[in-house]
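Asks: Once you've had a glance at the structure underneath, I'll fire off some questions.
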Amino acid sequence: MISLDTPLEKIYGIGPRFITKFKKLEIMTVKDLIRHFPFRYEDFSRISSIAELSSGQQATIKAYVKRVSERRSFKKRMVIIEARLADETGEVKAVWFNQPYVKNILTIGKFFNFSGKAGTFSGETILSNPMYEAVGQTGPKHTARLVPIYSETKGITSKGIRYIIKPVLENLEEIEDFIPDEILDENKLPDINEAIRNIHFPSLIEDADLARKRFAFEDLFLLSILNLGKRAVLSKLKSITIESEPNFIKEAEKILPFEMTASQKKCLEEILDDIKKPTPMNRLLQGDVGSGKTAVAALAAFAAAKKGTQAAFMAPTEVLARQHFETIKKLFAKTEITVGIITGANKGKIFFGEGLEAEIYKKEIKKRTEDGKVGILIGTHSLIQEDVKFENLGIVIVDEQHRFGVEQRAKLAGEEKKKKILPHFLSMSATPIPRTLTLTIFGDLNLSTIDEMPKDRKEIKTSVIPPEKRKEAYDFIKKEVKNGRQIFVVCPRIEESEAEDAKQELFQMETASVKKEYEKLTTQVFPDLRIAMLHGKLKAKEKEEVMKKFKEGETDILVSTSVIEVGVDVPNATIMMIEGAERFGLAQIYQFRGRVGRGKYQSYCFLFTESTTEKTNERLKAILKAKNGFELAEKDLEIRGPGQFLGKKQTGMPDTAMKSLQNISIIKEARKAAEKILKQDITLNSFPRLREKIKSFKKEIHQE
């Protein structure tokens, strides 16, 4: 018998050439193979007679081979195999292109099933490239049934995958199901063995749908157990209680250079209420770009520092870390809170309050932090280094939390150091998260949402720019620059699927995209303007210099990759020009747009597109109509699906779970089932198979 752990090279019939191809699909074991699910099915289950065939029909016929011939096409570039097939109702011609081996397989006088699409050529009905299978074989794989179609790679077709999977399933030992029987019965789901058979070779499409539902439920059930388990663990851990004065928000407003919105106050109240509890906060603060999340998070850090505890503030880039440092300095300029920053550079800075600031070595900042003399420490990944120690860390704040691995977050929060007292945790996101995702991917976090913009923010005028209006838009941009304003240009995103060697080639292509746009704008469109570019190949110091010049008004136009999606705040920038807008998600475009309109001037967003399809127009027009980023995020999830919205590699979530993230009913059923199991036994000791599965699932989705 074959087991799930059996390597593919141990399976009879799979040679070294196929092993290499399967590796490209990340299939190494039997488990990987049977979890490579079909994405659709061809229905060849009804067997027609030859007389019933009509042009355009997908059909299966049972016929014997009358004769077979081989010829070459014009200039002998292609081998064409033709066969005359017959049954009791008539005859039909079948044709195969560039498949010379077919001639040796089709034995004259022998009966085969032929499945394919019927067409017409010179008035005669023909079957073009039909799948074929000898009648009498044990259970058809390719014909006379619902035929599974799989994701393929060069050298491996769906037919080849079916050829291998069928005997593997027939010889696979019974799999022990980790989902308890009571949960399967309550949700009317098949056990894992039935589901595996029916997802690959279903008798009815309803069987395939139910199997797919089972696997979607399975992943969401495991995710819910993980999230609910984390909540339960956190509720039993201790944290520092940070009790703010009853009038903290009123007092804080006096030192702020702006008026807080009602939504900001509400979110701050939720955070302050959490951090005064003796159990660790685990909260996500979300809101549109420019809604004032940083101010709310900074006030939470201020509340901690004011009570003698410390706050760690982590940003995804040095540019953003420095911006947070400047923002927090301005907010608390008249207080005595000490704010430090360390990044990749040798030196950092410390702000002592009352306008006093010094540039000192990182080593000294770390020492002061360990001695408890730094109230708020800001940084990038450098904050997770082993030698960064806090005397009394009360709260950890992470900007753009979904950009960091869970392991890194845990390390920053001190979970991996097995501290008896865990700091409170606040993450921020400018990517509005649809409801289904807050219940699943972010299900371990409590949610605070800033759903209104500051009163002084002007609406950003947005236009879709087709090719024929490009010159008009360029003229407008030039006029804005002449009036003293600045421009962001975001270059087309290169989809990962377009780059064969994912990370490196993608990186190179995006850099090339920026360089090409920079060259076009400097030599052809705006030769008289000051233009700079920002991309991933620049060193940290070069990036800093480019941004510094842009912020100080020494550059008119900044051409960039999507790196500016996070962070850059330039109040004098009034135009966001997005090239190849159809390549970006709606929520992402919404974030880009939020990078302008941050000053007193009227701002604009131009969505340049070469695409004239109806779908592109519909997507981009959704941005013009949307009232807020949350509405757009829901639409984006609906149009592009969770895989592209989140990025599968970001979450590690299996495809079945990713697709089901749009199905709120399965999410609720899975969560309810998880709650029931954990209520029975929070340790899962009563469910040993489920406990083991949870361990492996954690690794699969990068949560360990």
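Per the numbering used here, residue 680 is the first one in the sequence shown, and the count goes up by one each step. Cβ coordinates follow ideal geometry from the N, Cα and C atoms, glycine included. Remember, predicted model here, so these are calculated numbers, not experimental data.
Can you list, in chain order, the stretches of the beta strand (DSSP E) that have 3 or more residues and sit fully within the region 1026-1060?
Replies: Within the region 1026-1060, the complete beta strand (DSSP E) runs of at least 3 residues are 1026-1032, 1035-1040 and 1055-1058.
Asks: Out of THR1117, PHE992 and VAL747, which has the shortest C-alpha to C-alpha gap to LEU907?
Replies: With distances taken between Cα atoms, LEU907 lies closest to THR1117.
Asks: Using a threshold of 9 Å, state whether the C-beta atoms of LEU683 and PHE701 are closer than that.
Replies: Taking 9 Å as the Cβ cut-off, LEU683 and PHE701 do not qualify as a contacting pair.
Asks: Can you give me the C-alpha to C-alpha distance between GLY769 and GLU885, rounded to a whole angstrom?
Replies: If I take the Cα positions, the gap works out to 34 Å.
Asks: Is TYR1283 closer than 9 Å to GLU1159 when the C-beta atoms are compared?
Replies: Contact flag set, yes.
Asks: Just mark GLN778 as buried or exposed, buried being the case when its beta carbon has 16 or more other beta carbons within 10 Å.
Replies: Exposed is the call here.
Asks: Classify PRO686 as helix, strand or coil using the three-state DSSP reduction.
Replies: In this structure, PRO686 counts as strand in the three-state DSSP scheme.
Asks: With a CB to CB cut of under 8 Å and the five nearest residues on each side skipped, what residues in its chain are close to GLU1258?
Replies: The residues are VAL1168, VAL1169, CYS1170, PRO1171, GLU1196 and PHE1287.
Asks: Can you confirm whether the region 929-941 touches the region 957-968 when touching is taken to mean that 3 or more C-beta pairs between the two stretches lie within less than 8 Å?
Replies: Judged by Cβ distances under 8 Å, the region 957-968 makes no contact with the region 929-941, as fewer than three pairs qualify.
Asks: Starting from the N-terminal side, write out each stretch of the beta strand (DSSP E) that is 3 residues or longer and does not extend beyond the region 887-974.
Replies: Listed in chain order, they are 961-966.
Asks: Is the region 1000-1012 touching the region 1136-1148, taking contact as three or more C-beta pairs under 8 Å?
Replies: They do not touch, by the three-pair rule.
Asks: If you drop the 5 nearest sequence neighbours on each side, which residues of the same chain put their C-beta closer than 8 Å to that of ASN808?
Replies: Cβ neighbours of ASN808 beyond the five flanking positions: VAL774, TRP775, PHE776, GLN778 and GLY795.
Asks: Going by DSSP in three states, PHE1186 sits in which element: helix, strand or coil?
Replies: Note that PHE1186 has pLDDT 47, beneath the 50 cutoff, so the model's placement of it is unreliable and the number below is only indicative. Helix at PHE1186.
Asks: Between the Cα of ARG876 and the Cα atoms of ALA887, ASN866, LEU868 and LYS867, which residue gives the shortest distance?
Replies: Answer by Cα proximity: ALA887.
Asks: Less than 9 Å separating the beta-carbons of PHE716 and HIS879?
Replies: Contact: yes.
Asks: From the DSSP output, read off the bridge partner residues of TYR811.
Replies: Looking at the DSSP assignment, TYR811 forms a beta bridge with PHE793.
Asks: Take GLU749 and list the residues in its own chain whose beta-carbon comes closer than 6 Å to its own, dropping the five residues that flank it on each side.
Replies: So the list reads ILE760 and LYS782, once near-sequence residues are dropped.
Asks: Using a Cβ distance threshold of 8 Å, determine whether the region 987-995 contacts the region 1301-1316, with at least three qualifying pairs required.
Replies: Flag = no, the region 987-995 and the region 1301-1316 do not touch.
Asks: Where does ALA738 fall in DSSP's three states?
Replies: Correct three-state label for ALA738: strand.
Asks: Return the chain-ordered list of same chain residues with a C-beta closer than 7 Å to the C-beta of VAL1193, the five sequence neighbours on each side being excluded.
Replies: The answer, listed in chain order, is CYS1170, MET1212, HIS1214, VAL1238, SER1239 and THR1240.
Asks: Which of the three DSSP states is assigned to ALA1252 in this structure?
Replies: Correct three-state label for ALA1252: strand.
Asks: For LEU1363, collect the residues of the same chain with a Cβ closer than 6 Å to its Cβ; drop the 5 residues on either side in sequence, then sort them by chain order.
Replies: Around LEU1363: LEU1369 and ARG1370.
Asks: Which of the three DSSP states is assigned to SER733 in this structure?
Replies: Coil at SER733, not helix or strand.
Asks: For the 8 Å Cβ check, are there 3 or more pairs between the region 1015-1035 and the region 1057-1066?
Replies: A contact exists between the region 1015-1035 and the region 1057-1066.
Asks: Do the region 899-917 and the region 1344-1358 meet, that is, are 3 or more Cβ pairs less than 8 Å apart?
Replies: Yes, the region 899-917 touches the region 1344-1358.
Asks: Is the region 1013-1020 touching the region 1042-1056 in the sense that three or more CB pairs, one from each, lie closer than 8 Å?
Replies: With the cut-off at 8 Å, the region 1042-1056 and the region 1013-1020 touch.
Asks: Would DSSP call LEU1200 helix, strand or coil?
Replies: In this structure, LEU1200 counts as helix in the three-state DSSP scheme.
Asks: Along the chain, where does the beta strand (DSSP E) that runs through HIS1103 open and close?
Replies: Note, HIS1103: beta strand (DSSP E), 1103-1108.
Asks: For the alpha helix (DSSP H) holding ARG719, just list the boundary residues, first then last.
Replies: First-last for ARG719: 719-722, but that is the beta strand (DSSP E), not the alpha helix (DSSP H).
Asks: Determine the DSSP secondary structure at ARG1274, reduced to helix, strand or coil.
Replies: ARG1274 falls in the coil class under three-state DSSP.
Asks: For ILE843, which residues of its own chain have a beta-carbon under 8 Å away from its beta-carbon, when the five flanking residues on both sides are left out?
Replies: These residues qualify, in order along the chain: ILE690, GLY692, ILE693, PHE697 and LEU712.
Asks: What residue range is occupied by the uninterrupted alpha helix (DSSP H) comprising GLY1122?
Replies: No alpha helix (DSSP H) holds GLY1122; DSSP gives it neither H nor E.
Asks: At which residue ranges does the region 752-806 contain complete beta strand (DSSP E) runs of 3 or more residues, listed in the order of the chain?
Replies: Here the runs fully enclosed are 758-766, 769-776 and 790-800.
Asks: Please return the same chain residues whose Cβ sits closer than 8 Å to the Cβ of THR988, not counting the five positions on each side in sequence.
Replies: ILE919, ILE921, ASN1071, LEU1072, GLY1073 and ILE1074.
Asks: Check each candidate in PHE1229, GLY1278 and LYS1218 and name the one with the smallest Cα separation from ILE1135.
Replies: The amino acid occupying residue 1135 in the given sequence is Asp; Ile does not appear at that position. Closest by alpha carbon: GLY1278.
Asks: For the alpha helix (DSSP H) holding GLN1064, just list the boundary residues, first then last.
Replies: First-last for GLN1064: undefined, no H or E at that position.
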